[in-house]
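Trainee:
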Amino acid sequence: MSAQTKFQTQNVPVAQIVGALSQALDITEGQPKGHSARCCWIGLQIGEALGYAQQDLSDLYYAILLKDLGCSSNAARVCAHYITDDLVLKREFKKLDGSLPKVLAFVLTHSGMEASMAEKFRSIVSTLRNGKEIVREIIDTRCQRGAEIARQMHFSERVAETILSLDEHWDGTGNPEQKSGKQIPRFSQIALLTQVVDVFNTGEGRLQAVEEITARRGSWFDPQLVDVFLKLAEDDLFWFSLADEDLPEKIHTFEPVQMQRVADEDFLDEIAKGFAQVVDSKSPFTAGHSDRVMIFTDLIAEQMGFDPGHRRWLRRAALLHDIGKLGISNAILDKPDRLSDKEFEQIKLHPVFSAQILSKVEAFGDMVHVAGGHHERLDGKGYPNGLKGDEIDLNTRIVTVADIFDALTADRPYRAATPTAKAMAILDGMTGSAVDPRCVAALKQAIEKLERLPQSSNEKLAQTA
Ligand SMILES: [Fe+2]
Ligand SMILES: [Fe+2]
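Taking the working numbering, the leading residue of the sequence shown gets 23, the next gets one more, and so forth.
(1) Jot down the residue ranges of each uninterrupted beta strand (DSSP E) in the region 333-405, minimum 3 residues, whole runs only, in chain order.
(2) Any chance the CB of D344 is under 6 angstroms from a heavy atom of ligand 2?
(3) DSSP beta-bridge partners for R437?
(4) In whole angstroms, what is the alpha-carbon distance linking G402 and K410?
(5) Any heavy atom of ligand 2 closer than 6 angstroms to the Cβ of D363?
(6) Looking only at its own chain, which residues have a Cβ that is under 6 angstroms from the Cβ of A37, when we skip the five neighbours before and after it?
(7) Is DSSP giving P54 helix, strand or coil here?
(8) Would you tell me roughly how many angstroms separate the C-alpha atoms of L465 and A447, rounded to the nearest one?
(9) So is K444 buried or exposed if we call it buried at 16+ other beta carbons inside 10 Å?
(10) Which word fits G73, buried or exposed, when buried means at least 16 other C-beta atoms lie within 10 angstroms of its C-beta?
(11) Considering only the beta carbon of each residue, do V301 and D356 sit closer than 7 angstroms?
(12) Taking only the alpha-carbon atoms, compute the straight-line gap between F318 and E473 and give it to the nearest angstrom.
(13) For the alpha helix (DSSP H) holding I414, just list the boundary residues, first then last.
(14) Looking only at its own chain, which residues have a Cβ that is under 6 angstroms from the Cβ of V219, when we skip the five neighbours before and after it?
(15) Between L188, G69, V34, L79, which lies nearest to L91 when the distance is taken from Cα to Cα?
(16) Measuring straight from C-alpha to C-alpha, what distance separates Q467 and D388?
(17) DSSP three-state label for P330, please.
(18) Considering Cα atoms alone, identify which of F427, M452, G451 is closest to P441.
(19) For L150, which three-state DSSP category applies?
Rendered as structure tokens:
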């Protein structure tokens, strides 16, 4: 049983939170909904067939659910190199076997439709020259970052190691370290196998999935592991269970029973921080944004006299406000020029996606209105719903002010940061029509207080932020 009170969450299973958030990773990878959950389920079947103990199954469970934690960190690079939509490319890329001719054919057919021939040519030449190196680099970033985030969220070292070696192949042709055979952690091999099964089964069907795994026996995968899978694949019930549309929603019920973990308040902080990093890693334009919005939000809340429990809740809401950006292509997020109307319509979807993702996570469900409403304006001219005045609550108004303040004062690759005083003046000009004057005044007072602190205290504060 789980119970939830405002600003305090009790007894929510970790598996429920991670299972729901894994769907955010699926959209970043351009995978059909439920990809990570289905991979996790396949992995558990393999683990059980291999006779794994509960502790092992538990590590395997979380490692596969979180295998794509680093997925956003290479999105900008993928998009810049292949001049295309990172979500589409990442989905299709998982089907390639890594050979250069296939990668080239892929670049030819997938390089952005809006890219000029000259850009397309540049991408092809660059792939010809550095193809392997680029793929290695892209995978390296993804694996390193994913493992790092898993460690920060206090998952076991085994979970982190599995993510780190996810793309290594049995014959040593994988990435990033070209490990081979038994050098590759067993769970990484299982995770990669489940990924190939799900990508092909979802896209092209059961027969194709079995064919792909069989074809990669001894090259990508340990032959012994392939045989275990092929045995499972003979059973119709395996495919029938995998096809269950509700599987993603109920993946938390498959957590190994004896190892079930319940989330405490500290864990909820860690998971919010972890997913904020996944969001901020997606685009070089927004590095550190969620963290800073969290800090500015907390400064405002403290100044307004919110109690510690409320502040903690609001910090998490601030960390997760832009989680829906995972569903927006970097071709749009990283565009330094003015966005077309069509592109702006896409951007307007990110608070909708944020709300959708959080609504699936029981522990964060009461933050939906903050995440979904952080681009609304008091005069009703905001997006996505054109909410007005009282329809926007105080928590949301605080995050909105923190969000705008950070957007103004952060360095962007295409423009310098706006000085604090000027940013405050801009916010002042927006009070009443767009933002709540009380929140702007609280931010101003909090910043003035900080500026009055001796330099050494500010440095200390920056270190602990
Ligand atoms: Fe936003
Ligand atoms: Fe934001």
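C-beta atoms are modelled at their ideal positions from N, C-alpha and C, and glycine is treated no differently. Since we're looking at a predicted model, the values are computed, not measured.
Mentor: On the basis of the supplied data:
(1) none
(2) yes
(3) R434
(4) 4 angstroms
(5) no
(6) H274, E277
(7) coil
(8) 12 angstroms
(9) exposed
(10) exposed
(11) no
(12) 14 angstroms
(13) Looking at the DSSP string, I414 is not in any alpha helix (DSSP H), and its letter there is neither H nor E.
(14) I64, A231
(15) L188
(16) 29 angstroms
(17) helix
(18) F427
(19) Note that L150 has pLDDT 49, beneath the 50 cutoff, so the model's placement of it is unreliable and the number below is only indicative. Residue state, collapsed to three classes: helix.
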